[in-house]
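Here is the structure we will look at.
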Amino acid sequence: MKKKIVTAEQAVECIGDGAVIMVGGFASIGTPEELIDALVKKGSKDLTIISCDAGRAGLGVGKLLRNGQVKKLIASHVGLNTEVAYRTPDQPEIYHVEYVLVPQGTLAECIRAAGCGLGGILTPVGLGTAVAEGKETVRVKGKEYLLEEPFSADFALIRGAIADHAGNVIYNMTARNFNTVMATAAEHVILCAEEIVEIGAIDPNHVMTPALFIDSIVGGVKPCRI
Amino acid sequence: MKKKIVTAEQAVECIGDGAVIMVGGFASIGTPEELIDALVKKGSKDLTIISCDAGRAGLGVGKLLRNGQVKKLIASHVGLNTEVAYRTPDQPEIYHVEYVLVPQGTLAECIRAAGCGLGGILTPVGLGTAVAEGKETVRVKGKEYLLEEPFSADFALIRGAIADHAGNVIYNMTARNFNTVMATAAEHVILCAEEIVEIGAIDPNHVMTPALFIDSIVGGVKPCRI
Amino acid sequence: MQDIKAIIASRVAKEFRDGDTVNLGIGVPTMAADFIPEGVDIMLQSENGLLGLGPASACGEEQFDLVNAGGAYVTATPGAAFFDSVMSFGIIRGGHVDVTVLGAMEVDETGNLANWCIPDKFVPGMGGAMDLVVGAKKVIIAMQHTNKGKHKLLKKCTLPLTAVGVVHMIITEMGVLEITEEGFFLTEINPDYTIEQIRAATGAEIKVSSSLKDMTV
Amino acid sequence: MQDIKAIIASRVAKEFRDGDTVNLGIGVPTMAADFIPEGVDIMLQSENGLLGLGPASACGEEQFDLVNAGGAYVTATPGAAFFDSVMSFGIIRGGHVDVTVLGAMEVDETGNLANWCIPDKFVPGMGGAMDLVVGAKKVIIAMQHTNKGKHKLLKKCTLPLTAVGVVHMIITEMGVLEITEEGFFLTEINPDYTIEQIRAATGAEIKVSSSLKDMTV
Chain G
413 MKKKIVTAEQ AVECIGDGAV IMVGGFASIG TPEELIDALV KKGSKDLTII
463 SCDAGRAGLG VGKLLRNGQV KKLIASHVGL NTEVAYRTPD QPEIYHVEYV
513 LVPQGTLAEC IRAAGCGLGG ILTPVGLGTA VAEGKETVRV KGKEYLLEEP
563 FSADFALIRG AIADHAGNVI YNMTARNFNT VMATAAEHVI LCAEEIVEIG
613 AIDPNHVMTP ALFIDSIVGG VKPCRI
Chain Z
413 MKKKIVTAEQ AVECIGDGAV IMVGGFASIG TPEELIDALV KKGSKDLTII
463 SCDAGRAGLG VGKLLRNGQV KKLIASHVGL NTEVAYRTPD QPEIYHVEYV
513 LVPQGTLAEC IRAAGCGLGG ILTPVGLGTA VAEGKETVRV KGKEYLLEEP
563 FSADFALIRG AIADHAGNVI YNMTARNFNT VMATAAEHVI LCAEEIVEIG
613 AIDPNHVMTP ALFIDSIVGG VKPCRI
Chain X
6 MQDIKAIIAS RVAKEFRDGD TVNLGIGVPT MAADFIPEGV DIMLQSENGL
56 LGLGPASACG EEQFDLVNAG GAYVTATPGA AFFDSVMSFG IIRGGHVDVT
106 VLGAMEVDET GNLANWCIPD KFVPGMGGAM DLVVGAKKVI IAMQHTNKGK
156 HKLLKKCTLP LTAVGVVHMI ITEMGVLEIT EEGFFLTEIN PDYTIEQIRA
206 ATGAEIKVSS SLKDMTV
Chain D
6 MQDIKAIIAS RVAKEFRDGD TVNLGIGVPT MAADFIPEGV DIMLQSENGL
56 LGLGPASACG EEQFDLVNAG GAYVTATPGA AFFDSVMSFG IIRGGHVDVT
106 VLGAMEVDET GNLANWCIPD KFVPGMGGAM DLVVGAKKVI IAMQHTNKGK
156 HKLLKKCTLP LTAVGVVHMI ITEMGVLEIT EEGFFLTEIN PDYTIEQIRA
206 ATGAEIKVSS SLKDMTV
């Protein structure tokens, strides 16, 4: 069950204007920079990006923001991207983005809900805050929970350390973060990995994302240096 | 951060009558037989057991059933235990147990919900069946879901292949099953493992249950032969 | 009897497309793995935590921690992955299984399925069946057409349901039926049987496809 | 200034019990790791997917895939475990973190916390803060008592809330306050300050413990 190894340019060819795209990574670690570079080159516009953060200024999702390709960013924390954290109305290229800020655990869990076929999550996080505005609450055993709806996407751009030709993925250290769960919640999942190995070279006990979630693979990406 | 390595007898000493206990394993694979043996020896009564299945006749949870220690069994499938699958009113020692049958994915997910602080799950599974009787449904984006409540426990008895002295656990092949999630959802988690290694001997990338979930460790258990 | 099972399993295998992720129930469905056509490469998912389920273990070569969902010793194929029950049912309920093949006690013309319980007689539990039939993209029931002459394909299920309106296709030794808005729709027939025999063996009306084909086994 | 931060961090570290799982926010909270008492062995959790967070990386020895939640290169301790964000926040929201220590913009006498946003000025987002303060067994706010003289301990928060009624304890350079049903309760005082100075620096009433102690740093 080999999967097609493609170039980054080939991999993002299918991503059109208006697409909803999940981008893995946390504080630029585990972010698929090569795929983002290809997406910048392709220039798809009006994108909705779902990501833990906004990358850093000019790194990760920050590249797409700078290039004016993002219509809406759903993220948990944008503070490491100084261009975004201190955004003001006189920075139109940054400010014209709609930002939806979501508690990080809720973001992870709502992506998971989409990936595993649940109708949403019932979380105590966000109750009594701006996060809860306009949302339904549900009582279970006398306790109140916020009903948060699933997040799904057309595409997920993720990054692994090692992948086999079937698409089984191993991540390294804190680069795992949102990559695993995003692989489950998008129609089409593009993986870039530092190393591509033969099928059978990865111990099946150690697989972190099983092959069935991966649609295309870009190999040979460089270690990420912040 | 070493944890106390104890004997199976010492480990179950704290389990009193009426306890709610999760027992790992699927079809007797990954079942902590040595801990169950110790619990049979201790003789705690009126137990509520949450388990994927009923073990086999005289194996796994089947030992506790035979010994009349179980008041209630919450499980997904009891067919491999012939004493239970064909239970009839003329087998009082088996029949006096209250059986609650739960779809296997719902069982796993409701245990997870308890372990990760969610108020319940919204699943399409079980709608229109006996499973849905008496339960609330919630509509999200026009689709109906069954609200299933979390399953938590006083104790979890689980089984790993390798553990370090901190309590980090590696499982082997299909023995992982319910062990990982049960470790997150009980007040007190007792792990038995085939091999105990020094702290640092397990690659932190490969840990399947992080040490913080494990309360006590029983080493040197034998590979399970059905 | 073995022939009947082989006919069903062989026809089931023709539903698999290259690259599919497939979950096979115990019994006849599992046999379908032996009939997968040349050039079709599928990954078998086993709900106890394995993608890349291989054939049964050779005697004496069992690996103690590797079983299928029926609790029998099996092997894993190259490229396999193990995971826990939470991930396994996330895969299933999340729509990542392309085809699930299960047996049934009853199926009715609206696609309702009953296969987990005969009240007061045999109550093994639903296991993963409810999750599988709700989650999988395509649900195929593979079974003998009747239970020793007693109808299993019905107008309305009488046993406790596994799920409502989930069945897409039924493959029996007599033929292939699809569930449509108009009920059972016979698309293939085993030339060893007549349409009348199939109608007699079915507890509900059957529409016959105008392009009815011989069942390919 | 460094002294004030060290005073706070040092006092925070005395709240840790042997065996605790602790999550430390960026800034002063992170400094608490440098003051952990002899004989107290804790595991630091980092919400980007690590249990067993170690000290910052030595220059030139950074591992490119290993950072803390502030995005800085760090090390992992022996016995560490890596996991994904779903598991990380399962640990947090599930009540498996014994203590979380965070900074704040405002805390009020009912335990409400505001630390994620100043509308129209600085909106970095809540990151993991909302999950941490709702999920952790004990929530400690470690911060300077005022923002250059402006009250941060208030009768009622004015900024958008991070969570309602979650703060247990506030540790500042002036002392230690607990949130009780009667509001702020001063249990320890830094002998460099008077109770009147603390009252003046606080935007709500303070009850003083009858067994008020000197702050141990």
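Chains as they are written, first to last, in our numbering: chain G, 413 to 638; chain Z, 413 to 638; chain X, 6 to 222; chain D, 6 to 222.
Every residue gets a Cβ at the ideal spot worked out from N, C-alpha and C, and that includes glycine.
These figures come from a predicted structure and were not determined experimentally.
Name the residues in the region 594-624 of chain Z whose C-beta lies less than 7 Å from a C-beta of chain D; which are they?
Thr596, Ile611, Gly612, Pro616, Asn617, Val619, Pro622, Ala623 and Leu624
Using the DSSP secondary-structure output, state which residues sit across from X/Val260 in a beta bridge.
Since the first residue of chain X shown is 6 and the last is 222, residue 260 of chain X is not available in this structure.
If we count the other Cβ atoms within 10 Å of its Cβ and call it buried at 16 or more, is X/Met6 buried or exposed?
Because the pLDDT at X/Met6 is just 48, under 50, the model does not fix this residue reliably, and the value given afterwards should be weighed accordingly. Classification for X/Met6: exposed.
Using CA coordinates, which residue listed in D/Val112, D/Asp89, D/Val72 and D/Leu164 is at the minimum distance from D/Asp125?
D/Leu164
How is D/Leu159 classed by DSSP in three states: helix, strand or coil?
strand
Assign D/Asn152 to buried or exposed, taking buried as 16 or more other Cβ atoms, counted over all protein chains shown, within 10 Å of its Cβ.
exposed
Closest by C-alpha distance to X/Phe87, when choosing among X/Ala205, X/Asp25, X/Gly57 and X/Ile123
X/Gly57
Which residues does DSSP list as the beta-bridge partners of Z/Ser628?
Z/Ile602
Hey, Z/Leu477 and Z/Val509 are a contact pair by Cβ (cut 8 Å); roughly how many whole angstroms apart?
6 Å
Test item: CB-CB of D/Gly180 and D/Glu114 under 9 Å:
no
Tell whether a beta-carbon distance below 9 Å holds between Z/Pro622 and D/Met92.
yes
Please list the terminal residues of the continuous alpha helix (DSSP H) segment that includes G/Gln422.
Ala420 to Val424
Can you tell me which residues form a DSSP beta bridge with G/Tyr557?
G/Val550
Of the residues D/Pro129, D/Arg16, D/Val106 and D/Leu118, the one placed nearest G/Ile486, counting alpha carbons only
D/Pro129
Anticipated Cβ contact below 8 Å, Z/Ile602 with Z/Ser564, distance rounded:
In fact, because the Cβ distance is near 16 Å, the residues do not count as touching under 8 Å.
If you measure from the beta carbon of Z/Ser520 to each beta carbon in chain D, is any gap under 9 Å?
The sequence as given places Ala at residue 520 of chain Z; Ser does not occur at that position. Not an interface residue.
Measuring only between beta-carbons, confirm whether D/Met6 sits less than 9 Å from chain Z.
Because D/Met6 sits at a pLDDT of 48, beneath the cut-off of 50, its placement in the model cannot be relied upon, and the following sentence gives the value as read from the coordinates. No, D/Met6 lies away from the interface with chain Z (no Cβ there is under 9 Å from its Cβ).
Measuring only the C-alpha atoms, how far is Z/Ala597 from Z/Leu569?
11 Å
Going by DSSP, what residues sit across from X/Asp113 in a beta bridge?
X/Leu159
Is the Cβ of G/Arg524 closer than 9 Å to any Cβ of chain A?
Looking at the structure shown, chain A is missing, and the protein chains on hand are G, Z, X and D.
Does the distance from the C-beta atom of D/Lys160 to that of D/Glu193 stay below 9 Å?
no
Distance between X/Thr221 and X/Ser15 (C-alpha atoms, nearest Å)
8 Å
Counting C-beta neighbours from all protein chains within 10 Å, is the total for X/Gly154 16 or more, i.e. buried, or is it exposed?
exposed
Whether or not the region 164-173 of chain D and the region 105-124 of chain D are in contact is what I'm after, with contact meaning three or more pairs of Cβ atoms, one per stretch, closer than 8 Å; do they touch?
yes
Could you check whether the Cβ of D/Phe88 sits closer than 8 Å to any heavy atom belonging to the ligand FMN?
Inclusion of the ligand FMN in the displayed structure is not the case, the ligand content being empty and no account of it being possible.
Is it buried or exposed for Z/Thr549, if we count other Cβ within 10 angstroms and need 16 for buried?
exposed
Quick one: does D/Leu217 have its CB under 9 Å from some CB of chain Z?
no
Any C-beta of chain X under 9 Å from that of Z/Arg637
yes
Z/Leu477: first and last residue of the uninterrupted alpha helix (DSSP H) it sits in:
Val473 to Arg478
Output the boundary residues of the alpha helix (DSSP H) element that contains X/Ala4.
Here chain X comprises residues numbered 6 to 222, so residue 4 of chain X is not present and cannot be evaluated.
Need the endpoints of the beta strand (DSSP E) that G/Arg571 sits in, please.
Ala565 to Asp576
How is X/Phe69 classed by DSSP in three states: helix, strand or coil?
coil
Which residue from Z/Ile427, Z/Lys634 and Z/Thr443 puts its Cα closest to that of X/Val72?
Z/Thr443
Classification of D/Cys122 by the beta-carbon crowding that lies within 10 angstroms, buried from 16 upward
buried
Assumed close pair D/Ala209, D/Lys157 - CB separation to whole angstroms, cut-off 8 Å:
Not really, about 11 Å apart at Cβ, beyond 8 Å.
Residues in the same chain with beta-carbon distance under 6 Å from Z/Asn493, minus the five sequence neighbours each way, listed in chain order, please.
Ala466, Gly467, Arg468, Ala469 and Gly474
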